[in-house]
Structures are given as C-alpha cells and as structure tokens.
Amino acid sequence: LPPSDRNEVFSCFVFYAVLLVIKMYTIAIITGQVRLRKKAFANPEDALRHGGLQFHREDPYVERCRRAHLNDLENILPFLFLGAVYSLTGPSLTVARLHFLVFFLARVLHSLAYLLALQAPTRSLAYTAAQVPCVSMAVQILMSVASFA
Amino acid sequence: LPPSDRNEVFSCFVFYAVLLVIKMYTIAIITGQVRLRKKAFANPEDALRHGGLQFHREDPYVERCRRAHLNDLENILPFLFLGAVYSLTGPSLTVARLHFLVFFLARVLHSLAYLLALQAPTRSLAYTAAQVPCVSMAVQILMSVASFA
Amino acid sequence: LPPSDRNEVFSCFVFYAVLLVIKMYTIAIITGQVRLRKKAFANPEDALRHGGLQFHREDPYVERCRRAHLNDLENILPFLFLGAVYSLTGPSLTVARLHFLVFFLARVLHSLAYLLALQAPTRSLAYTAAQVPCVSMAVQILMSVASFA
C-alpha cells in the first residue's frame, strides 16, 4: 500500500470521527440547555445561582440526555481507537469508508432516537447497526496483529 | 530502535487493547440481556415494547453491570491512549508486553469480580493491579517528553 | 514541516495529555478515599467488608466526585483524540501549545471547582474555556481532511 492511500483511509476516518466528537459535544450542550429550561441541576451551587436549592433535582428528560451521552462514551470513544488502528492495517478505501459511514449514520440515528424518544426498537437497531463495523474492524485488526501477541 | 521492533511493541499493545474493547462490548451485551430477563428498562419506550410502563424501573444487577461498564470506561479508555504512546517511546518488547499483559489480566479479573460479586477486596485488588502498569507507562512517557513541554 | 517540529508538537500534546490522565486517576483515588471515610459503598460486598450492609448507600460528596469524573470522561477522552490528530496536521508549536495549555489549565480548574463546590459559574466557565481549544482543533482537523471525505 503506498503511503498516500493509507493517508486517504486515515483522513476519511478522521473526518467522520471528528464529526462524531462534535455530535457528542452537542449532546452535552443540549443537556445544559435542558437543565436551564427545566430548572433541574445536579449541583446545589448551580441551583442556588438559578433560583434556589429546590432546583437541585432530577428531571426525566435530563436523565435521558445523560443516558444518550453515556452511550456515546461507551461506543464512539472505542471507535476512535478501532478506526485509527484499522486505518493502519491497509484496508481498501472503499471498504474502510463503508465501515466509517455505517458507524457514523447509525450513531447519528441512535442520538436522534434517544433524544426524540422514538418508538422501540429504533434506538436498539441503530446501536446494533453501529456495532457491526466496530466488530468487523476489531476482528480485522486482531487478524493482522495476532502473530505479535 | 529499528522500526520493526517498535512495530512489534505496538502490535502487541493493539492485540490486548482490542481484546479489552471486545470485553467492554461484552459487558454492554450482558447488560442488555439482563434488562430483558429482569424486565428492567431505562427508557419508557423500551418498557412499552416489553410489557408495559411498569417495567421502566431499576434493577440491582443491571446497576451492577452498568458500574462495571463505567469502571471500564474510566480505566480501559485511558489505557488505549497510554499504551499507544508508550509503544512509541521505544520500550523493550519483553517489558512492554509485561505491562500490557498485567493490565489485560487484571481488567478481565475486575470484570469477573464485578459481575460475579466476588468477595471484597478481589475487585479492588484487580483495579489496583491494573493501575500499576498504567502509572508506570504514564511516568515513562512523561520522562521521555518532559523536555518538550 | 520537518519531522522534528511535528514531533515537538506531538510531544507537547502528550505531556499535557498524560498529566490530565493522571488528574483523572486522582479523582478516582479521591472517590475511593471518600467512600471509605464516609462509609458509603456502591456494592454490598464492599459494605460487608467495611462494617455491614447499612453502608451500601449513597453519599452526596461521593456523587459529586463521580460527576467530576464522568465530566472528565466526556471531555478529556475526546481531547486525547483531537490533540493527537491535530498534532499531525502541522500546526505551529506556539499555537498548538496554547491550545493544549488552555485546555489543561481549564480542566484542572474544572476539577477544583467541582471537588471544592466553588460558587457558580466557576465550574461552567472552566468547562466552556476548555471547550474552546477543542472546537478550534476539531474545525482545523476537519478543514485539513475535508477533501478526503
């Protein structure tokens, strides 16, 4: 594989990976906005600044945002690792791009399904669809390095 | 250090790192299976699909699985970073492999101790044993880049 | 850009990144110490070892530590990715160091504000200050790879 091809796969990975990081940041911003609008703060010092200790409380939609964010940590962060290493194993650009694109689209759908509380099993299907390229990359990486273990 | 040796250390790291990512995915799958079996869903839309809103509830074993998963995020994800950078600092393959293997075995034991609720302090000892190679790698990395800060 | 310059930016990034990983580990250690001192354990097996099942309970300060840790996962872990990739895009050392240093200082302040429950909006301002270099790096990375997507 010439270096330029490897760079192309890595750049393609980086493009979708950074978009997904921005997507994660967006969920954090939404959580903060919902906390302000619903007046539901995790810390007493925040509640005090926004009307009083009675707003140091939980809210179901805030908790939903937090679950969406945590699920991103559980899935997008490992992808940042798997995708980078997979890019170094010399896959074809077409196949690699398909992996990254499926993961990207499925995780965007997962966030939408979570935040909009779409009917089950939309969110679970998006979760599973996103796992397919991850497991595929994990297996391909293991095959390419197994001899070194 | 010839490039091939560096590649060998990195490949050894990648092998254990990917196995640990798969271990994390396994905890997610177990959590989902326990939610279905115990009928304890975090989201009303999931509960509705599986019998009704009364199953939108918490379950102690589901919470245990979630704590095991969160502890993995706190420890395995930083390892993915430390191990990759440490591999670039030119350690000997034998010493590097020892770091990765201790972390790998300790984190597998940690998950088993968590999911099987093994008697304390099994889980804490596994946690501490896994931290030793991480702190060792962090110190070695800092020493090799301190002049650039 | 000569390789040595790129190495200097990457080494500078690694220095602050590893310090932040150690900062995250420190929060985990503090959490454990607070659990022991307040006798508030997340798992029955831990409570049994430390006096009895009545200590299987939540504590507000333990929960505060856990929120500080989770916020680190949400922000420091993506930084480990963004900073590494940004280092490869060939930024000037001065500009890059500024990004890393602002993030580092803001996240240290964020942890202090959380653990000491400093008056609002100290913690929110630290959070926002840390996001600025992250969004800046994300945009610069996207601009440098957009043609490959």
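Residue numbers (this note's numbering), protein chains in the order written: chain A, -3 to 145; chain P, -3 to 145; chain U, -3 to 145. C-beta atoms are modelled at their ideal positions from N, C-alpha and C, and glycine is treated no differently.
Of the residues U:20, U:111, U:17 and U:3, which one's Cα is nearest the Cα of residue 30 of chain U? U:111
Tell me whether residue 78 of chain U sits in a helix, a strand or coil according to DSSP, three-state version. helix
With a CB to CB cut of under 7 Å and the five nearest residues on each side skipped, what residues in its chain are close to residue 43 of chain U? 37, 49, 51 and 52
Around the C-beta of residue 115 of chain U, are 16 or more other C-beta atoms found within 10 angstroms, so that it is buried, or is it exposed? exposed
Of the residues P:15, P:76, P:5 and P:57, the one placed nearest residue 27 of chain P, counting alpha carbons only: P:57
Just verifying my parser: in three-state terms, what is the DSSP assignment at residue 43 of chain P? helix
Give the C-beta separation of residue 19 of chain P and residue 107 of chain P to the nearest angstrom, bearing in mind that I take them to be a contact with Cβ-Cβ under 8 Å. 6 Å
Going along the chain, which residues of its own chain have a beta-carbon closer than 8 Å to the beta-carbon of residue 137 of chain A, five neighbours each way excluded? 78, 81, 82 and 85
CB contact flag (residue 11 of chain P, residue 92 of chain P, <9 Å): no
For residue 62 of chain A and residue 95 of chain P, I'd like the C-alpha separation in whole angstroms. 34 Å
Can you pull the chain A residues whose beta carbon is under 7 Å from the beta carbon of residue 65 of chain P, in chain order? 70
On the three-state DSSP scale, how would you describe residue 84 of chain U? helix
Taking any Cβ of chain A, which residues in the stretch 114 to 126 of chain U have a Cβ under 9 Å from it, in chain order? 114, 115, 116, 117, 118, 119, 120 and 123
On the premise that residue 104 of chain P lies in contact with residue 129 of chain P, defined as a C-beta separation below 8 Å, what is that separation, rounded to the nearest angstrom? With 8 Å as the limit, residue 129 of chain P and residue 104 of chain P do not qualify as a contact, their Cβ atoms being about 14 Å apart.
Could you compute how far the alpha carbon of residue 184 of chain U sits from the alpha carbon of residue 70 of chain A? With chain U represented from -3 up to 145, any question about residue 184 of chain U goes unanswered, as that position is not in the structure.
Segment limits, alpha helix (DSSP H) that includes residue 100 of chain P: 89 to 111
Using a beta-carbon distance cut-off of less than 8 Å, what residues from the stretch 8 to 22 of chain A approach chain U? 8, 10, 11, 12, 13, 14, 15, 17, 18, 20 and 21
Using 9 Å as the limit for Cβ to Cβ distance, is residue 41 of chain A near chain U? yes
Would you identify the three-state DSSP class for residue 29 of chain U, choosing helix, strand or coil? helix
Excluding the five sequence neighbours on either side, which residues of its own chain have a C-beta within less than 6 Å of the C-beta of residue 131 of chain U, listed in chain order? none
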